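Asker: Protein sequences appear in the order of chains G and L.
For the first sequence, our numbering begins at 1 and goes up steadily by one.
For the second sequence, our numbering begins at 809 and goes up steadily by one.
Glycine residues also receive a C-beta, built at the ideal position from the N, C-alpha and C atoms.
No experiment lies behind these values; they were computed from the predicted model shown.
To start, I am sharing the structure in question, which I have written as structure tokens.
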Amino acid sequence: MAYDLIGKDFTPPDVIAKVTGKAKYSEDFRMEGMLFGRLLLSPVPHARIKNIDVSEALKMKGVVGVITADDLPPVVEPNRPILTNEPRYVGEPILALAAESETLAQDALEKIKLELEPLPFTVDPLESLYPGGPDARTDGNVTGRNASGAYVKTTKWTARDFAAVAEGQLAAGEVTDEWSYGDVDAGFANAKYVLDETFVTQGLPHLAMETRTALSYWQNGKCHVHASCQSQSFPVPFLAGYIGIEPQDLVFVAEYCGGGFGNKGSAYPEMSIPAHLSKKVGRPVMMRISRAEEYYLGCARPGFQGRIKMGFRADGRLLAADLFIVQENGSDVGMNDYMSAADAVSLVFTPEAMRFRGIPVATNTPSRVPQRGPGQNQIACAVEPLMDMAAKALGIDPLAIRVINAPDSDARFGAKQGKVTSAFLGEALTQGAAEFKWDEKRKLSGQRPPGQSKGSKVLGVGIGSAYHSAGYSGFDGLVVLTPEGKLHIHTGVGNLGTYSHTATSRVAAETLKCAWDSCVVIRGDSRKHLPWNLAQFGSNTSYTMVRTNYVAAMDAIEKLKEIAAKDLGGSADDYDIGGEKVFLKSDASKHLTYAQAAQRAIELGGKYSGQEAPEDINPMTKAAVAGLAGSGLIGVAKDTMASEGTPPAFAAGFMQIELDTETGTYEILDYVGVADCGTVLHPMGLDHQIKGGAVMGIGLAALERHVYDPQNGLPATVGLNECKPPTYLDVPSHMRTMAVEEADPMSPVGSRGIGEPVQGCAAAALLCAISDALGGHYFNRVPVMTDMIVNAASGNPQSHKPLQVNTF
Amino acid sequence: MIVETYIPGQEVASSSGKTSRRQFIKRVIASGAAVSAGSMLGLSGCSPGEQATQAGGVERLISLNVNGKVRRVDVLPQETLAMTLRYKLGLTGTKLGCDRGECGACTVLIDDLPTYSCSTLTHNVRGRQVTTIEGLQAADGTLHPVQQAFVDELGPQCGFCTPGQIMSSVALLKVNPNPSREEVRQALAGNLCRCGAYDHYLNSVMRAAKES
Chain G
1 MAYDLIGKDF TPPDVIAKVT GKAKYSEDFR MEGMLFGRLL LSPVPHARIK NIDVSEALKM
61 KGVVGVITAD DLPPVVEPNR PILTNEPRYV GEPILALAAE SETLAQDALE KIKLELEPLP
121 FTVDPLESLY PGGPDARTDG NVTGRNASGA YVKTTKWTAR DFAAVAEGQL AAGEVTDEWS
181 YGDVDAGFAN AKYVLDETFV TQGLPHLAME TRTALSYWQN GKCHVHASCQ SQSFPVPFLA
241 GYIGIEPQDL VFVAEYCGGG FGNKGSAYPE MSIPAHLSKK VGRPVMMRIS RAEEYYLGCA
301 RPGFQGRIKM GFRADGRLLA ADLFIVQENG SDVGMNDYMS AADAVSLVFT PEAMRFRGIP
361 VATNTPSRVP QRGPGQNQIA CAVEPLMDMA AKALGIDPLA IRVINAPDSD ARFGAKQGKV
421 TSAFLGEALT QGAAEFKWDE KRKLSGQRPP GQSKGSKVLG VGIGSAYHSA GYSGFDGLVV
481 LTPEGKLHIH TGVGNLGTYS HTATSRVAAE TLKCAWDSCV VIRGDSRKHL PWNLAQFGSN
541 TSYTMVRTNY VAAMDAIEKL KEIAAKDLGG SADDYDIGGE KVFLKSDASK HLTYAQAAQR
601 AIELGGKYSG QEAPEDINPM TKAAVAGLAG SGLIGVAKDT MASEGTPPAF AAGFMQIELD
661 TETGTYEILD YVGVADCGTV LHPMGLDHQI KGGAVMGIGL AALERHVYDP QNGLPATVGL
721 NECKPPTYLD VPSHMRTMAV EEADPMSPVG SRGIGEPVQG CAAAALLCAI SDALGGHYFN
781 RVPVMTDMIV NAASGNPQSH KPLQVNTF
Chain L
809 MIVETYIPGQ EVASSSGKTS RRQFIKRVIA SGAAVSAGSM LGLSGCSPGE QATQAGGVER
869 LISLNVNGKV RRVDVLPQET LAMTLRYKLG LTGTKLGCDR GECGACTVLI DDLPTYSCST
929 LTHNVRGRQV TTIEGLQAAD GTLHPVQQAF VDELGPQCGF CTPGQIMSSV ALLKVNPNPS
989 REEVRQALAG NLCRCGAYDH YLNSVMRAAK ES
């Protein structure tokens, strides 16, 4: 389908501010009389606080106030607290203090006397599952969320469970989650080749460039918060809940966000600390968060200790998969990565039969929250190299084994064998292989680079594929046609840096056939009358808010036609729109411009200009409509369009590397990333996502990880130098990107999300390329560090044990 | 903070019913770890809102040349340039990503050399020309060619590292107006971008070199 705006590049309205330094992130705001807040963080991995003596600190001139967990509503265990009297990891916030200056606040923290009763702790889930092993919490060692909500319980495996397996193999004791479909045993019995591998994937921090600094103050009965958040509308009720106010009493400004990657998806507990402090002391409070503090508060991706058995037919078709995951879940409710990982195996490789078992185990490490492709990207790192291992054993090409197992639009997946809206992973793989020249490059595997007759460098190639769900439905859209002839598109999408706040808004402009320079995107501040939109997480905006903007525009079109019929005669159906006019189909000279129609809407009032609003929209949207009432023709609707199946995002990556077997380092020579995300809304934005995802994937595969001292529970990776994200020099200078461009039937313009799998596919492609260069399968662990490569190349044992976690 | 370890009358309950030697050692070491933890909490350099009367020295009034203008400002002995720019001169375009010389978000030019302003003492730039992201745009609003190229190539994603990336790029093009892509890559290697916008940033600098 031909579009005027969809699929075309544009200059996002926020990019000028980003290149001039005018973009205001949370630490860039100032308030008269602003105090500075600092946090007292736990020095130990697990303890009960017996007493906090703040008397000396409060005596200091300029120290204004202190809050502890006792000043806040009690947390419902095992949810993440704002402040705590039972810190469960090094760095967990215990107390917040406000003072006239930040140095003074820090000096005052040094005067606080903390009386602690140390408690048992662990940084290894298997240690906690072992009979008699330590529990990360006093009320249990297994935390998670199921259909009835958050839970905490105690699970210990038996010594027999551990003894039943060979050393280095993951035991399979009691689990919390289990499902299966098909005849798994028959699948293995019929398989030509069966593998059974134990693997470890790392926990790691998100490392957004902007830390979670926040500024808060109370004014005229409202609480104002400037925060670093990926999302705009969605966090409001949750942050209001943390603060203890009604959502309509919160002013929330998140116009810019310096990166999140999942850990700033919605409101987070510490976002409310400046508000609580400010309420107590009656002055604005800025709480700057340091890089080290961001490590603690910024949460992490859960790590896996896992095991997978896969049985393949001679042609590579996956007949059966049996996946077992022990997830390191931090010390609170954590995240469901292990479940998402199972869904991803089920959908990306479509095993004919599959069993999944998993258990999330609490550890005394930072909280676990979503990180780009939560679960899906870890499992891509673990399983994709095993696909190569199987391909090699069966004598087939790594591309062929992926294509034969790739899902199409009839795919079913997961415990419930749910449908997808459409799927073209096979096309992504074959199109990417052609662009990459897979067959040509594959012939060079394990060989020295062309022209080099000696030396330690060898070439390798790898393919990765990955999945994440890519959209939801049921949120609201809101547009206003103004008497000046402008289309105001109100969006509650945040500013994560994907520009989807504008890319999705352009759907309203497209639908209303408005020239782009007649459009204004309104966003970034809850006072701007924004609709209830889903958060900018889960790769969803290019589906979810495409639908909301479409239904809002359709509502506006209906009202335009009704107004025209009232003024010019006939019925609404006799009218059409075009050129920013609503005109009589049989005689286009009979028309109203959008500006005229907007003026008429104001005169007519009622539903036309927002004095009345639909019943089914969210209270936030209702308030926005009421705020805009009388300002123009209001298009507002809840997305109730049909949505059957999960909209998926798929990505495939192809990588060639030149690896030095003596040093374990490598240069990435080529990368091609392919997206299956339906219609492309914004080519440059998609290009950014595929390449940026690849950069982050390289970090996931080969650079970043948590390191914890198991004796003391202390972290060794709190700085960017200790857990280094990729630099310019770690990634290719130029990468290539492409898209399958098959429209999705459930999206009004055919688009789905993409942000997450583009990381997993690149991470997997790199891991596969490293093994390919070395000529075999060597690593059941991520990240693959250079010392591991040297050990593998020289036949030396690795320095870690197979199931060891949080290690260098 | 001052940490006192509470020694309970009875053993801490453990799932095995008694405290093992290893757990005991873990506890002792953990409580001792508090001593060093305090240093992790500090932010380096000057703190915002600092008053002359407080610990850490006395502010002195100095003249700074920032973006071609002489600015009079009270500066503490230990104050970093990033803090002076952001909290005393209102130039918040210079970002703090780590405040410890790891990320490059705070890059400014000092006599045309790209410099991490989080790791530069303000007193050390007296008599030198400081240029920040706010100093690139022309008075009539025209973007600097590097800024324009960053717009045309859609350089930024989240935008937080962008001012630093642009300052490093401007510095490079001053000494090497026609760099190779590899030279740009090397010149910008001290500027981290977690969004991974490197490819787009390189395209932006190459375009700026071509068009200026």
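1) Locate the beta strand (DSSP E) running through residue 667 (chain G), then write down its first and last residues.
2) Which residues of chain G have a Cβ atom closer than 8 Å to the Cβ of residue 1004 (chain L), listed in chain order?
3) Once you ignore the five residues that flank residue 101 (chain G) on each side, which residues in its own chain have a CB closer than 8 Å to its CB?
4) For residue 504 (chain G), count neighbouring C-beta atoms within 10 Å of its own C-beta (all shown protein chains included) and say buried if the count is 16 or more, exposed if not.
5) Going by the CB atoms, is the gap between residue 350 (chain G) and residue 428 (chain G) shorter than 8 Å?
6) Could you name the residues of the same chain whose beta carbon sits closer than 6 Å to that of residue 919 (chain L), not counting the 5 residues immediately before and after it, in chain order?
7) Expressed to the nearest angstrom, what Euclidean distance is found between the alpha-carbon atoms of residue 399 (chain G) and residue 433 (chain G)?
8) Would you give the residue range spanned by the beta strand (DSSP E) that residue 294 (chain G) belongs to?
9) Along chain G, in chain order, which residues have C-beta atoms closer than 8 Å to that of residue 996 (chain L)?
10) Name the two residues that bound the continuous alpha helix (DSSP H) containing residue 179 (chain G).
11) So what's residue 919 (chain L) in DSSP terms, helix, strand or just coil?
12) Does residue 1005 (chain L) come out as helix, strand or coil in the three-state DSSP assignment?
13) Quick one: residues in its chain with C-beta nearer than 6 Å to the C-beta of residue 357 (chain G), no 5 flanking neighbours on either side, listed in chain order?
14) State buried or exposed for residue 727 (chain G), treating a residue as buried only when at least 16 other CB atoms are found within 10 Å of its CB.
15) Please confirm if residue 300 (chain G) has its CB atom under 8 Å from at least one CB of chain L.
16) Report yes or no: is there a C-beta of chain L within less than 8 Å of the C-beta of residue 291 (chain G)?
17) By DSSP, does residue 228 (chain G) sit in helix, in strand, or in coil?
18) Determine, for residue 1014 (chain L), whether the minimum Cβ-Cβ distance to residues of chain G falls below 8 Å.
19) Taking the alpha carbon of residue 146 (chain G) as the point to measure from, which residue in G:657, G:342, G:459, G:336 has its own alpha carbon closest?
20) In chain G, which residues lie with their C-beta within 7 Å of the C-beta of residue 913 (chain L)?
21) What's the gap between the Cα of residue 454 (chain G) and the Cα of residue 733 (chain G)?
22) Have a look at the DSSP bridge pairing and note the partners of residue 846 (chain G).
23) Check whether the Cβ atoms of residue 740 (chain G) and residue 431 (chain G) lie closer than 8 Å to each other.
24) For residue 794 (chain G), which residues from the same chain have a beta carbon less than 6 Å from its beta carbon, with the 5 sequence-adjacent residues on both sides left out?
25) Give me the chain L residues within the contact set of residue 23 (chain G), using Cβ-Cβ distance strictly less than 7 Å, ordered along the chain.
26) Are the C-beta of residue 819 (chain L) and some C-beta of chain G separated by less than 8 Å?
27) Between the segment 101-123 of chain G and chain L, which residues of the former have a C-beta closer than 9 Å to a C-beta of the latter?
28) Exposed or buried, residue 569 (chain G), counting other C-beta atoms within 10 Å across all chains shown (16 or more means buried)?
29) Going along chain G, which residues have a C-beta under 9 Å from residue 866 (chain L)?
30) When the Cα atoms are used, what is the spatial distance from residue 837 (chain L) to residue 713 (chain G)?
31) Considering only residues of the same chain and omitting the five flanking positions on each side of residue 298 (chain G), which have a CB-CB separation below 6 Å?
32) Report the three-state DSSP secondary structure of residue 829 (chain L) (helix, strand or coil).
33) Can you give the Cα-Cα distance for residue 850 (chain L) and residue 106 (chain G), rounded to whole angstroms?
34) Cα separation between residue 852 (chain L) and residue 528 (chain G)?
35) Are the CB atoms of residue 203 (chain G) and residue 303 (chain G) nearer to each other than 8 Å?
36) With a cut-off of 8 Å, does the C-beta of residue 257 (chain G) fall near any C-beta of chain L?
Answerer: According to the structure shown:
1) Along the first sequence, one-based indexing puts residue 667 (chain G) at 667. Taken as a continuous stretch (DSSP letters only), the beta strand (DSSP E) holding residue 667 (chain G) covers 666-676.
2) Here the question's residue 1004 (chain L) lines up with position 196 in the second sequence. In chain order: 691, 692, 693, 694, 695, 696, 726, 731.
3) Residue 101 (chain G) sits at position 101 when you count from the first residue of the first sequence. 36, 62, listed in sequence order.
4) Within the first sequence, residue 504 (chain G) is the residue found at index 504, counting from 1. Buried.
5) In the first sequence, residue 428 (chain G) corresponds to position 428, counting from 1. In the first sequence, residue 350 (chain G) corresponds to position 350, counting from 1. The answer is no: Cβ separation not under 8 Å.
6) Sequence index remark: in the second sequence, residue 919 (chain L) carries index 111 (1-based). Result list for residue 919 (chain L): 936, 937, in chain order.
7) The count along the first sequence starts at 1 and reaches residue 399 (chain G) at position 399. The count along the first sequence starts at 1 and reaches residue 433 (chain G) at position 433. For the pair residue 399 (chain G) and residue 433 (chain G), the Cα-to-Cα distance works out to about 8 Å.
8) The residue labelled residue 294 (chain G) in the question sits at position 294 within the first sequence. That residue, residue 294 (chain G), is in no beta strand (DSSP E); its alpha helix (DSSP H) goes 291-297.
9) Taking the second sequence and counting its residues from 1, the one referred to as residue 996 (chain L) is at position 188. Within chain G, the residues near residue 996 (chain L) are 728.
10) Within the first sequence, the letter at position 179 stands for residue 179 (chain G). First-last for residue 179 (chain G): 177-181, but that is the beta strand (DSSP E), not the alpha helix (DSSP H).
11) Reading the second sequence from its first residue, position 111 is the one you call residue 919 (chain L). Coil, per DSSP.
12) In the second sequence, counting from the first residue as 1, residue 1005 (chain L) sits at position 197. Residue state for residue 1005 (chain L) is assigned as coil, using DSSP reduced to three classes.
13) Looking up residue 357 (chain G) in the first sequence gives position 357. So the qualifying residues of the chain are 175, 178, 324.
14) As a working note, residue 727 (chain G) is residue 727 in the first sequence. By the 10 Å Cβ count, residue 727 (chain G) comes out buried.
15) Taking the first residue of the first sequence as position 1, residue 300 (chain G) is located at position 300. Output row for residue 300 (chain G): interface = no.
16) The residue given as residue 291 (chain G) occupies position 291 in the first sequence. With 8 Å as the cut-off, residue 291 (chain G) counts as an interface residue toward chain L.
17) Position 228 of the first sequence, counting from 1, holds the residue named residue 228 (chain G). If DSSP states are grouped into helix, strand and coil, residue 228 (chain G) belongs with coil.
18) Looking up residue 1014 (chain L) in the second sequence gives position 206. Answer no: the Cβ-Cβ gap between residue 1014 (chain L) and chain G never drops below 8 Å.
19) As a working mapping, residue 146 (chain G) is identified with position 146 in the first sequence. The shortest C-alpha separation from residue 146 (chain G) is found at G:336.
20) On the second sequence, position 105 is the one that residue 913 (chain L) refers to. The contacting residues are 209.
21) Reading the first sequence from its first residue, position 454 is the one you call residue 454 (chain G). Reading the first sequence from its first residue, position 733 is the one you call residue 733 (chain G). Between residue 454 (chain G) and residue 733 (chain G), the C-alpha separation is close to 26 Å.
22) This structure gives no information on residue 846 (chain G), because the portion of chain G shown stretches from 1 to 808.
23) To locate residue 740 (chain G), count along the first sequence from 1; it is residue 740. To locate residue 431 (chain G), count along the first sequence from 1; it is residue 431. Cβ distance < 8 Å, so residue 740 (chain G) and residue 431 (chain G) count as in contact.
24) Within the first sequence, the letter at position 794 stands for residue 794 (chain G). Nothing meets the Cβ criterion.
25) Reading the first sequence from its first residue, position 23 is the one you call residue 23 (chain G). Within chain L, the residues near residue 23 (chain G) are 967.
26) Looking up residue 819 (chain L) in the second sequence gives position 11. Its pLDDT being 40, under 50, residue 819 (chain L) is placed unreliably in this model, and the value from its coordinates should be taken loosely. It does not: the Cβ of residue 819 (chain L) has no partner Cβ on chain G nearer than 8 Å.
27) 101, 102, 103, 104, 105, 106, 107, 109, 110, 111, 112, 113, 114, 115, 116, 117, 118, 119, 120, 121
28) The residue you call residue 569 (chain G) lines up with position 569 of the first sequence. The residue is exposed, with fewer than 16 neighbouring Cβ atoms inside 10 Å.
29) Reading the second sequence from its first residue, position 58 is the one you call residue 866 (chain L). Correct list: empty, because the minimum Cβ distance to chain G is about 13 Å.
30) One-based indexing of the second sequence puts residue 837 (chain L) at position 29. One-based indexing of the first sequence puts residue 713 (chain G) at position 713. For residue 837 (chain L), the pLDDT reaches just 42, beneath the cut-off of 50, and the residue's location in the model is therefore unreliable, although a value from the coordinates is still provided. Residue 837 (chain L) and residue 713 (chain G): Cα-Cα distance of roughly 10 Å.
31) As a first step, residue 298 (chain G) is located in the first sequence; it is residue number 298 there, counting from the start. Around residue 298 (chain G): 205, 206, 263.
32) By one-based count along the second sequence, residue 829 (chain L) stands at place 21. Only weak support is given to the placement of residue 829 (chain L): the predicted model assigns it a pLDDT of 45, under 50, and the value that follows is read from those uncertain coordinates. It is helical.
33) By one-based count along the second sequence, residue 850 (chain L) stands at place 42. By one-based count along the first sequence, residue 106 (chain G) stands at place 106. Residue placement at residue 850 (chain L) cannot be trusted, given a pLDDT of 33 that sits under 50; what the coordinates show is reported in the next sentence. Their Cα atoms are separated by approximately 7 Å.
34) Looking up residue 852 (chain L) in the second sequence gives position 44. Looking up residue 528 (chain G) in the first sequence gives position 528. Because the pLDDT of residue 852 (chain L) is 35, which lies under 50, any placement of that residue in the model is unreliable, and the question is left without a value.
35) To locate residue 203 (chain G), count along the first sequence from 1; it is residue 203. To locate residue 303 (chain G), count along the first sequence from 1; it is residue 303. Cβ distance < 8 Å, so residue 203 (chain G) and residue 303 (chain G) count as in contact.
36) In the first sequence, counting from the first residue as 1, residue 257 (chain G) sits at position 257. Yes, because at least one Cβ of chain L sits closer than 8 Å to the Cβ of residue 257 (chain G).
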